[in-house]
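Report on one structure; see the data block that follows.
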Amino acid sequence: MPDQTSLPELPVTFRPVRTRAVLLTAAAAIFVAVSAVALLLDKLGPGERLSFVLTAVLLSGGVLVLARPKVVADESGVTVVNFAGTRRLEWAEIIQVNLRVGDPWAFLDLSDGTSLAAIGIQPGIGKQQAIADAGALRALVEARAGHVARGSGAKS
1 MPDQTSLPEL PVTFRPVRTR AVLLTAAAAI FVAVSAVALL LDKLGPGERL SFVLTAVLLS
61 GGVLVLARPK VVADESGVTV VNFAGTRRLE WAEIIQVNLR VGDPWAFLDL SDGTSLAAIG
121 IQPGIGKQQA IADAGALRAL VEARAGHVAR GSGAKS
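According to full-length UniProt numbering, the sequence shown is numbered sequentially starting from 1.
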């Protein structure tokens, strides 16, 4: 079992900080650039300007979806927020946390025999952070699995 002093304090959020910063900056730059074009082109009518701004909103929104992933661990379990969905897991449902060389992001092996991508922990441009985050989540899973097992055994 991991040393309790090395575990992060709950709740803790894991997310690709550098990747997120790049994506948020890109979304803002896209919005500003496309909107500026709409305002600077003299021959555009109001409807065309509006369509440029709406296009800027849609493009920026698409980039912001890519900045959405995170993994939040709290006392009762883990919430995995990926691009298109969110899934709440109890600690006992997570068997193992994997981040192997070449993996695009961490994977959670679940008690039902499936795996869940945890895109909030990705090596992209923050490899060392991803390795540390995966290790911290792994330690939490190991500590909580023992806690859940001891707790459920005491209640029987």
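Note that beta-carbon positions come from the ideal geometry of N, C-alpha and C, so glycine has one too.
Here the structure is a predicted model, which is why all the values come from computation and not from measurement.
Under 7 Å between the Cβ atoms of residue i and residue j?
i      : j      : result
Thr13  : Ile125 : no
Leu108 : Ala118 : yes
Leu7   : Ala143 : yes
Leu137 : Val97  : yes
Val34  : Ala56  : yes
Leu116 : Asp74  : no
Ser60  : Ala27  : yes
Measuring alpha carbon to alpha carbon, tell me which residue in the options is nearest residue i.
i     : options                      : result
Trp91 : Val101, Ala84, Val80         : Val80
Val22 : Val37, Val65, Pro8           : Val65
Ala84 : Asn98, Glu75, Pro69, Asp112  : Pro69
Arg15 : Arg49, Val37, Gln122, Ser35  : Gln122
Phe31 : Ala134, Glu93, Gly113, Val53 : Val53
Glu93 : Thr114, Asn82, Val101        : Thr114
When DSSP labels each residue in this structure, what does residue i get in the three-state scheme?
i      : result
Ile30  : helix
Ala67  : coil
Glu90  : strand
Ser51  : helix
Thr13  : strand
Val22  : helix
Ile121 : coil
Val72  : strand
Val101 : coil
Leu41  : coil
Lys127 : helix
Leu137 : helix
Taking its Cβ as the centre, do 16 or more other Cβ atoms sit within 10 Å of residue i, making it buried, or is it exposed?
i      : result
Pro104 : exposed
Arg88  : exposed
Gly62  : exposed
Quick check on the DSSP output: the beta strand (DSSP E) that includes residue i runs from which residue to which?
i      : result
Gly77  : 77–81
Ala106 : 106–110
Ser6   : Run containing Ser6: none; DSSP gives neither H nor E here.
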